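A.B. asks: Got a structure for you, written out below as structure tokens; questions coming shortly.
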Amino acid sequence: MLDIQKIRADFPILNQKVNGKPLVYFDNGATSQKPQVVIDAISKYYQEINANIHRGVHTLSQLATDAYEVARGKVQHHINAKHAHEVLFTSGTTFGINLVANGFAAILKPGEEVIVSHLEHHSNIVPWQMLCEKTGATLKVIPMDETGELIMSEYDKLLSGKTKIVAVNHISNALGIINPVKYMIDKAHEAGAAILIDGAQSVPHLKPDVQALDCDFYAFSGHKMCGPTGTGVLYGKEEWLHKLPPYQGGGEMIKEVSFEKTTYADLPHKFEAGTPHIAGGIVLGAAIDYLNSVGFENIQKQELELLAYATERLSEIEGLRIYGNSKNKTSVISFNIEGIHPYDIGTIIDKLGIAVRTGHHCAQPIMNFFGIPGTIRASFSFYNTKEEIDALVEAVKKAKMMLS
Ligand SMILES: Cc1ncc(COP(=O)(O)O)c(C=O)c1O
Numbered sequence: 000m001l002d003i004q005k006i007r008a009d010f011p012i013l014n015q016k017v018n019g020k021p022l023v024y025f026d027n028g029a030t031s032q033k034p035q036v037v038i039d040a041i042s043k044y045y046q047e048i049n050a051n052i053h054r055g056v057h058t059l060s061q062l063a064t065d066a067y068e069v070a071r072g073k074v075q076h077h078i079n080a081k082h083a084h085e086v087l088f089t090s091g092t093t094f095g096i097n098l099v100a101n102g103f104a105a106i107l108k109p110g111e112e113v114i115v116s117h118l119e120h121h122s123n124i125v126p127w128q129m130l131c132e133k134t135g136a137t138l139k140v141i142p143m144d145e146t147g148e149l150i151m152s153e154y155d156k157l158l159s160g161k162t163k164i165v166a167v168n169h170i171s172n173a174l175g176i177i178n179p180v181k182y183m184i185d186k187a188h189e190a191g192a193a194i195l196i197d198g199a200q201s202v203p204h205l206k207p208d209v210q211a212l213d214c215d216f217y218a219f220s221g222h223k224m225c226g227p228t229g230t231g232v233l234y235g236k237e238e239w240l241h242k243l244p245p246y247q248g249g250g251e252m253i254k255e256v257s258f259e260k261t262t263y264a265d266l267p268h269k270f271e272a273g274t275p276h277i278a279g280g281i282v283l284g285a286a287i288d289y290l291n292s293v294g295f296e297n298i299q300k301q302e303l304e305l306l307a308y309a310t311e312r313l314s315e316i317e318g319l320r321i322y323g324n325s326k327n328k329t330s331v332i333s334f335n336i337e338g339i340h341p342y343d344i345g346t347i348i349d350k351l352g353i354a355v356r357t358g359h360h361c362a363q364p365i366m367n368f369f370g371i372p373g374t375i376r377a378s379f380s381f382y383n384t385k386e387e388i389d390a391l392v393e394a395v396k397k398a399k400m401m402l403s
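Oh and the sequence shown: position 355 is 354 in numbering that gives the first Met the number 0, straight run, nothing missing.
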């Protein structure tokens with residue numbers, strides 16, 4: 000069992016009032032809060048070893064380089080990648096997906112196909128649309144049903160010899176649905192296609208095993224898993240990272256440069272042009288250590304309890320509809336109240352100290368599917384409590400009364 004009060008003490012930001020009320024932070028799907036060890040690790044880096052990496056012979060540069068590469072090793076171990084050089088540091092999920100989509104511009108031919116799902120964040124739609132426009136390939140979409148689940152029989156039908164890459168999220172940010180990614184990976188491979196998993200919403204809740212999954216790419220952001228903003232990881236299977244061209248040209252990613260020809264550096268540096276977010280990479284390692292010290296089993300247990308409690312309590316409110324009713328869900332509840340705009344509810348409950356997200360959550364196709372402008376999304380983390388959910392329920396009731 001987690002000692003939630005002890006855990007909460009690790010997060011200084013939680014201990015404050017907003018608009019005169021105790022802060023209830025339920026916008027974890029957008030970004031997580033940061034524990035003191037992560038905040039301290041940022042200062043420590045700048046106070047003790049700040050230097051540019053991979054270039055200097057001087058001691059500080061070597062210390063910073065070592066710390067950065069140790070962090071890469073932590074990520075490798077955390078996601079069970081076969082090699083450290085399959086772990087590329089990026090600025091986030093968006094960058095990782097764009098890197099792969101850009102690489103496929105050199106591979107895709109007109110008439111070939113890319114598959115995404117109806118449940119994607121815009122970050123896992125737009126780069127593939129841009130790729131299709133550039134190459135003459137066609138974008139296909141796996142449909143969803145009323146419960147928010149993807150229809151696997153339709154996925155099976157979409158796959159063919161023309162499919163070159165499938166891109167799907169592990170967990171939907173707008174509804175919290177957990178997709179059957181292992182099945183989808185195996186099916187993509189049977190069809191001879193590569194597959195990218197958008198792990199932005201899964202890494203705060205689970206430890207992905209990229210070898211067991213056998214995915215070709217797995218992209219995620221550090222800031223949703225207690226790390227700093229501007230950090231992220233793209234895992235790519237070695238064979239794919241050799242096949243794809245570099246994304247950006249510049250320092251660090253080369254072996255030799257002349258005006259006639261440039262040769263590229265070995266992995267992972269081929270994909271890491273320019274000075275990276277050095278402190279960010281190192282501190283992402285500290286965030287991963289912190290999450291592992293809490294333990295993912297404990298995290299999941301606490302979050303599923305919160306999900307069940309919140310689902311039950313919110314369902315007390317007349318006219319409240321929850322979107323995404325699959326059993327395979329993580330701790331996200333997207334809802335609306337009949338006849339009231341989600342933005343109005345969000346604005347009133349903010350005055351009561353409660354932070355939720357309202358709007359389309361960068362997933363407009365899902366909102367179009369349900370015929371709504373947006374939802375109110377409460378996304379819970381292991382540091383949240385049932386008392387906070389009670390405060391949310393009371394606040395939503397109050398807002399409903401004021402707006403009806
Ligand atoms: C499922 C999903 N994919 C991609 C992203 C983009 O992540 P980032 O903005 O950190 O690049 C998000 C962010 O909310 C997300 O939820």
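Ideal Cβ positions, reconstructed from N, Cα and C, are used throughout, including at glycine.
Note that the coordinates shown come from a computational prediction; the quantities given were computed from them, not determined experimentally.
Could you compute how far the alpha carbon of H76 sits from the alpha carbon of G370?
C.D. replies: Position 77 of the sequence shown, counted from the start, is the residue given in the question as residue 76. Position 371 of the sequence shown, counted from the start, is the residue given in the question as residue 370. Their backbone Cα atoms lie some 43 Å apart in a straight line.
A.B. asks: Can you tell me whether S257 sits near ligand 1, meaning its C-beta is under 8 Å from at least one heavy atom of the ligand?
C.D. replies: To locate residue 257, count along the sequence shown from 1; it is residue 258. Not under cutoff, so the answer is no.
A.B. asks: Hey, is E119 close to ligand 1, as in C-beta under 8 Å from one of its heavy atoms?
C.D. replies: Working through the sequence shown from its first residue, we reach residue 119 at position 120. Checking every heavy atom of ligand 1 against the Cβ of E119, one is found closer than 8 Å.
A.B. asks: Helix, strand or coil for D343, going by three-state DSSP, please let me know.
C.D. replies: Here the question's residue 343 lines up with position 344 in the sequence shown. D343: helix per DSSP, three-state reduction.
A.B. asks: Name the one or two DSSP bridge partners that F216 has.
C.D. replies: The residue given as residue 216 occupies position 217 in the sequence shown. DSSP output for F216 lists L195, G235 as bridge partner(s).
A.B. asks: If you count every other CB in all the chains shown that lies within 10 Å of the CB of Q200, and 16 or more means buried, which is it?
C.D. replies: Position 201 of the sequence shown, counting from 1, holds the residue named residue 200. Q200 comes out buried.
A.B. asks: Between which two residues does the beta strand (DSSP E) containing F88 stretch?
C.D. replies: Here residue 88 is taken as the residue at index 89 of the sequence shown, counted from 1. Note, F88: beta strand (DSSP E), 86–89.
A.B. asks: Which residue or residues does DSSP assign as beta-bridge partners of L149?
C.D. replies: Counted from its first residue, the sequence shown places residue 149 at position 150. Note: L149 sits in a beta bridge opposite M143.
A.B. asks: Among A398, R7, P245, P207, whose alpha-carbon lies nearest the alpha-carbon of K350?
C.D. replies: Residue 350 sits at position 351 when you count from the first residue of the sequence shown. With distances taken between Cα atoms, K350 lies closest to A398.
A.B. asks: Look up T93 in the DSSP assignment and give the residues it is bridged to.
C.D. replies: Within the sequence shown, the letter at position 94 stands for residue 93. Answer is none; T93 lacks a bridge partner.
A.B. asks: Under a Cβ-count criterion, where at least 16 other Cβ atoms within 10 Å of its own Cβ denotes burial, should R54 be classed as buried or exposed?
C.D. replies: If you number the sequence shown from 1, residue 54 lands on position 55. Under this definition R54 is an exposed residue.
A.B. asks: Report buried or exposed for F258, applying the criterion of at least 16 other Cβ atoms within 10 angstroms of its Cβ.
C.D. replies: If you number the sequence shown from 1, residue 258 lands on position 259. With fewer than 16 other Cβ atoms within 10 Å, it is exposed.
A.B. asks: On the criterion of 16 or more Cβ atoms from any shown chain inside 10 Å, does T134 qualify as buried, or is it exposed?
C.D. replies: For the purposes of this step, residue 134 is taken as residue 135 along the sequence shown, with counting starting at 1. So T134 counts as buried.
A.B. asks: Just checking my contact of R71 with Y382 at CB under 8 Å: how many whole Å lie between their CB atoms?
C.D. replies: Here residue 71 corresponds to residue number 72 of the sequence shown, with the count starting at 1. Here residue 382 corresponds to residue number 383 of the sequence shown, with the count starting at 1. With 8 Å as the limit, R71 and Y382 do not qualify as a contact, their Cβ atoms being about 27 Å apart.
A.B. asks: So I176 packs on E148, CB below 8 Å; how close in whole Å?
C.D. replies: By one-based count along the sequence shown, residue 176 stands at place 177. By one-based count along the sequence shown, residue 148 stands at place 149. About 6 Å; that satisfies the 8 Å criterion.
A.B. asks: Quick one, are the C-beta atoms of K73 and I287 less than 9 Å apart?
C.D. replies: Looking up residue 73 in the sequence shown gives position 74. Looking up residue 287 in the sequence shown gives position 288. Going by C-beta atoms, K73 is nearer than 9 Å to I287.
A.B. asks: At a cut-off of 8 Å, is H359 close to ligand 1 when judged by its beta-carbon and the heavy atoms of the ligand?
C.D. replies: Residue numbering aside, residue 359 sits at position 360 when the sequence shown is read from its first letter. No - ligand 1 has no heavy atom lying nearer than 8 Å to the Cβ of H359.
A.B. asks: In chain order, what residues place their C-beta within less than 5 Å of a heavy atom belonging to ligand 1?
C.D. replies: Residue selection by CB proximity (closer than 5 Å to any heavy atom of ligand 1) returns G91, T92, T93, H120, S122, N168, N172, D197, A199, Q200, S220 in chain order.
A.B. asks: In this structure, how does DSSP classify I348 when only helix, strand and coil are distinguished?
C.D. replies: Residue mapping note: residue 348 aligns to position 349 of the sequence shown, counting from 1. Helix at I348.
A.B. asks: Look at the Cβ atom of I41, then the Cβ atom of A278, and state whether they are nearer than 9 Å.
C.D. replies: On the sequence shown, residue 41 is found 42 positions in, with the first residue counted as 1. On the sequence shown, residue 278 is found 279 positions in, with the first residue counted as 1. In contact: I41 and A278 (Cβ atoms closer than 9 Å).
A.B. asks: What would DSSP say about N172, mapped onto helix, strand or coil?
C.D. replies: In the sequence shown, residue 172 corresponds to position 173, counting from 1. N172: coil per DSSP, three-state reduction.
A.B. asks: Whose C-alpha, out of E119, I194, P207, is nearest the C-alpha of C214?
C.D. replies: Position 215 of the sequence shown, counting from 1, holds the residue named residue 214. Comparing Cα positions, the closest option is I194.
A.B. asks: Determine the extent of the alpha helix (DSSP H) in which L402 is found, giving its start and end residues.
C.D. replies: In the sequence shown, residue 402 corresponds to position 403, counting from 1. Element bounds for L402: 385–402.
A.B. asks: Count the other CB atoms within 10 Å of the CB of D26; is the residue buried (16 or more) or exposed (fewer)?
C.D. replies: In the sequence shown, the residue the question calls residue 26 occupies position 27. Flag for D26 reads buried.
A.B. asks: Once you ignore the five residues that flank A377 on each side, which residues in its own chain have a CB closer than 7 Å to its CB?
C.D. replies: On the sequence shown, position 378 is the one that residue 377 refers to. Correct list, in chain order: F25, A309, I332, V355, L391.
A.B. asks: Taking Y263 as part of the alpha helix (DSSP H), name the residues at either end of that continuous run.
C.D. replies: Start at 1 with the first residue of the sequence shown, and residue 263 comes out as number 264. Counting along the chain, Y263 falls outside any alpha helix (DSSP H), though it belongs to the beta strand (DSSP E) covering 261–263.
A.B. asks: Whole-angstrom Cβ separation of G91 and G231, contact assumed at under 8 Å?
C.D. replies: Numbered from its first residue, the sequence shown carries residue 91 at position 92. Numbered from its first residue, the sequence shown carries residue 231 at position 232. Contact holds; Cβ gap of about 4 Å.
A.B. asks: Distance check for I298 and L240, CA to CA, integer angstroms please.
C.D. replies: Here residue 240 refers to the residue found at position 241 of the sequence shown. Here residue 298 refers to the residue found at position 299 of the sequence shown. So the two alpha carbons sit approximately 33 Å from each other.
A.B. asks: Since I253 sits in a beta bridge, which residues does DSSP pair it with?
C.D. replies: Residue numbering aside, residue 253 sits at position 254 when the sequence shown is read from its first letter. I253 is bridged to Y263.
A.B. asks: V209 and I164 - do their beta-carbons sit closer together than 9 Å?
C.D. replies: Taking the sequence shown and counting its residues from 1, one reaches residue 164 at position 165. Taking the sequence shown and counting its residues from 1, one reaches residue 209 at position 210. Going by C-beta atoms, I164 is not nearer than 9 Å to V209.
A.B. asks: Helix, strand or coil: which one does DSSP assign to G318?
C.D. replies: Within the sequence shown, residue 318 is the residue found at index 319, counting from 1. In this structure, G318 counts as coil in the three-state DSSP scheme.
A.B. asks: Exposed or buried, what is T357 when buried is set at 16 or more other beta-carbons lying within 10 Å of its beta-carbon?
C.D. replies: Within the sequence shown, the letter at position 358 stands for residue 357. Buried.
A.B. asks: How is the alpha helix (DSSP H) around A309 delimited, first residue to last?
C.D. replies: Counting from one through the sequence shown, the residue named residue 309 turns up at place 310. Note, A309: alpha helix (DSSP H), 295–313.
A.B. asks: Check for me: the alpha helix (DSSP H) holding P71 runs from which residue to which?
C.D. replies: Translated into positions along the sequence shown, residue 71 becomes position 72. This sequence places Arg at residue 71; Pro is not what is there. 58–78 is the span of the alpha helix (DSSP H), which, as asked, contains R71.
A.B. asks: Going by beta-carbon coordinates alone, are N172 and H117 separated by less than 9 Å?
C.D. replies: Position 173 of the sequence shown holds residue 172. Position 118 of the sequence shown holds residue 117. Not in contact: N172 and H117 (Cβ atoms no closer than 9 Å).
A.B. asks: Would the beta-carbon of L98 fall within 9 Å of that of L107?
C.D. replies: The residue given as residue 98 occupies position 99 in the sequence shown. The residue given as residue 107 occupies position 108 in the sequence shown. No, the Cβ-Cβ distance between L98 and L107 is not below 9 Å.
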